[in-house]
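A.B. asks:
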Ligand SMILES: [Zn+2]
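Residue numbers (the working numbering): 78 to 190.
Next comes the structure, spelled out in structure tokens:
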């Protein structure tokens, strides 16, 4: 039987902080490796505090604002997302696996989020 293994089905086998704790490296169970800069990851936070409930409420975060950001807590949410706690005290961000996987594939887009 042909198995289609698209990005939505991939699951992280390991997550670790690299590059002086400035990059979150994810190894997926299909062998793909994602390297996500923490400043871009923090700026792309999709929670209601950062993005508001309407585009006009968005804080318009950019990676430049988070040059020295670090992750202080990381915990899985079910089997679909990760809850990340940041060194600036922000702790309402939920990053779905789908989003984490897609961010690496479009670095220019994440900059514009
Ligand atoms: Zn947020």
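In this text, a Cβ means the ideal position worked out from N, Cα and C, and glycines have one as well. All values derive from a computational prediction rather than experimental measurement.
1. Give a single yes or no on whether residue 126 has its beta carbon closer than 6 Å to a heavy atom of ligand 1.
2. Between residue 170 and ligand 1, is the CB less than 6 Å from at least one heavy atom?
3. Using only alpha-carbon positions, find the residue among 177, 147, 103 and 142 that is nearest to residue 168.
4. For residue 158, which of helix, strand or coil comes out of DSSP?
5. My output table needs one value for residue 147: the three-state DSSP class, helix, strand or coil.
6. Please state if the CB of residue 87 and the CB of residue 107 are separated by a distance shorter than 7 Å.
7. Flag this pair as yes or no: are the beta carbons of residue 112 and residue 100 separated by less than 7 Å?
C.D. replies: Per the coordinate set shown:
1. By 1-based counting over the chain shown, the position of residue 126 is 49. Flag set: Cβ of residue 126 near ligand 1.
2. Here the question's residue 170 lines up with position 93 in the chain shown. Within the cutoff, so yes.
3. Along the chain shown, one-based indexing puts residue 168 at 91. Closest option to residue 168, Cα to Cα, is 147.
4. By one-based count along the chain shown, residue 158 stands at place 81. Here residue 158 sits in strand by DSSP.
5. The residue you call residue 147 lines up with position 70 of the chain shown. If DSSP states are grouped into helix, strand and coil, residue 147 belongs with coil.
6. By one-based count along the chain shown, residue 107 stands at place 30. By one-based count along the chain shown, residue 87 stands at place 10. For residue 107 and residue 87, yes; Cβs fall inside 7 Å.
7. Here residue 112 corresponds to residue number 35 of the chain shown, with the count starting at 1. Here residue 100 corresponds to residue number 23 of the chain shown, with the count starting at 1. Result yes, Cβ atoms of residue 112 and residue 100 sit closer than 7 Å.
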